[in-house]
Amino acid sequence: MNQLDIRFTGAVLDLTIELEGREVGLYFDGVSEWSRTIEEFEIKGELDLLMLCKGMNGTSWELEIVIDTEHTKTYRGEINKGYSLLSDEIDLSPKG
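So in the numbering used here the end of the sequence shown lands on 105, straight run, no missing numbers.
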């Protein structure tokens with residue numbers, strides 16, 4: 010099992026994050042940050058990630074995922090055409 014720390018920053022209207030094909034709800038601070046720590050999350054191989062946020066064109070956003078305090082992956086983007094979509098597989102193999 011793995012520990013995940015997820016943090017999303019951006020003034021968006023709607024946010025959906027899926028990890029390993031399951032939607033993961035984040036807690037909203039009421040301004041522009043969503044976050045959640047998941048103590049036990051099973052990752053098989055690479056971590057499959059899907060993120061969709063909706064909002065005003067030109068709005069910038071940042072998504073950071075920390076896995077077991079060892080692997081940090083940060084994504085940045087900007088909403089165009091009313092949404093931004095991200096799909097990735099995070100490699101957890103040790104860096105050689």
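Virtual Cβ for every residue (Gly too), placed ideally from N, Cα, C.
| Would DSSP call G105 helix, strand or coil? | Within the sequence shown, numbered from 1, the residue matching residue 105 stands at position 96. For G105, the pLDDT reaches just 40, beneath the cut-off of 50, and the residue's location in the model is therefore unreliable, although a value from the coordinates is still provided. DSSP, read as helix, strand or coil, puts G105 in coil.
| task | Using a threshold of 8 Å, state whether the C-beta atoms of K82 and I74 are closer than that. | result | Counting from 1 along the sequence shown, the entry for residue 82 is found at position 73. Counting from 1 along the sequence shown, the entry for residue 74 is found at position 65. Cβ atoms of K82 and I74: closer than 8 Å.
| message | Looking at the strands, I want to know which residues DSSP matches up with K63. | response | As a first step, residue 63 must be located in the sequence shown, where it is residue number 54. Answer is D23 and Y92.
| Residue environment, I88, which counts as buried when at least 16 other CB atoms sit within 10 Å | Mapped onto the sequence shown, residue 88 falls at position 79. Residue burial annotation: I88 is buried, with at least 16 other C-beta atoms found within 10 angstroms of its C-beta.
| query | Residues in its own chain within less than 8 Å of K90 by CB, not counting five upstream and five downstream? | reply | As a first step, residue 90 must be located in the sequence shown, where it is residue number 81. The residues are N66.
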